[in-house]
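Engineer: Residue 8 in this note's numbering sits at position 7 of the sequence shown; the count goes up by one each step and never skips.
A single structure is presented below for examination.
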Amino acid sequence: MLDWNEYRKELAGRLGEFSQLSPGTMEGYKALAAAGSKTGHLDAKTRELIAIAVGVTTRCDGCIAVHTKAAKAAGASKEEIAEALGVAVALNAGAAMVYSARALDALGE
């Protein structure tokens with residue numbers, strides 16, 4: 002299994018390097034990342050649970066590493082995280098179903 006704490010440290014170092022090479026990109030990313038929290042419609046725990054599910058569906062290890070730690074810090078339980086992961090699994094299965102229909106449609110052309 003991956004040492005997630007070590008991975009977070011390595012990732013932070015690489016992203017720091019990237020930030021020096023492309024500061025505008027990193028500033029833009031930080032603005033996007035912070036935008037949702039400014040509306041106040043969702044609490045931090047809910048946003049982090051969503052982020053974990055999206056991280057799983059987009060296969061982003063960095064997202065998973067960062068947002069699982071943040072979700073735990075925001076008070077998310079293992080059970081809540083598992084439920085969010087169940088949503089991610091269902092969405093990936095649903096997307097496969099939709100694209101299966103598209104493949105069958107393409108076959109008909």
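Glycine residues also receive a C-beta, built at the ideal position from the N, C-alpha and C atoms.
Taking the CB atoms as reference points, tell me whether residue 66 and residue 12 lie closer together than 8 angstroms.
Structural biologist: In this structure, residue 12 lies closer than 8 angstroms to residue 66 by Cβ.
Engineer: Across the stretch 59-74 and the stretch 30-43, are there enough close Cβ pairs to call them in contact, namely three or more that are closer than 8 angstroms?
Structural biologist: Because the criterion of three Cβ pairs below 8 angstroms is not met, the stretch 59-74 and the stretch 30-43 do not touch.
Engineer: Rounded to the nearest angstrom, how far is the Cβ of residue 97 from that of residue 82, given a contact under 8 angstroms?
Structural biologist: Not confirmed; about 23 angstroms, so no contact.
Engineer: Quick one: what does DSSP say residue 2 is sitting in, helix, strand or coil?
Structural biologist: The answer is coil: DSSP assigns residue 2 none of H, G, I, E or B.
Engineer: Start and end of the alpha helix (DSSP H) containing residue 70?
Structural biologist: Per DSSP, residue 70 belongs to the alpha helix (DSSP H) from 62-74.
Engineer: Return the chain-ordered list of same chain residues with a C-beta closer than 6 angstroms to the C-beta of residue 85, the five sequence neighbours on each side being excluded.
Structural biologist: For residue 85, where only same-chain residues beyond five positions count, the Cβ hits under 6 angstroms are 50, 53 and 54.
Engineer: Out of curiosity, what's the CA-to-CA distance linking residue 3 and residue 63?
Structural biologist: Those two C-alpha atoms are separated by around 12 angstroms.
Engineer: In chain order, what are the residue ranges of uninterrupted alpha helix (DSSP H) at least 4 long that sit wholly in the stretch 29-55?
Structural biologist: For the stretch 29-55, not a single whole alpha helix (DSSP H) run of length 4 or above is found.
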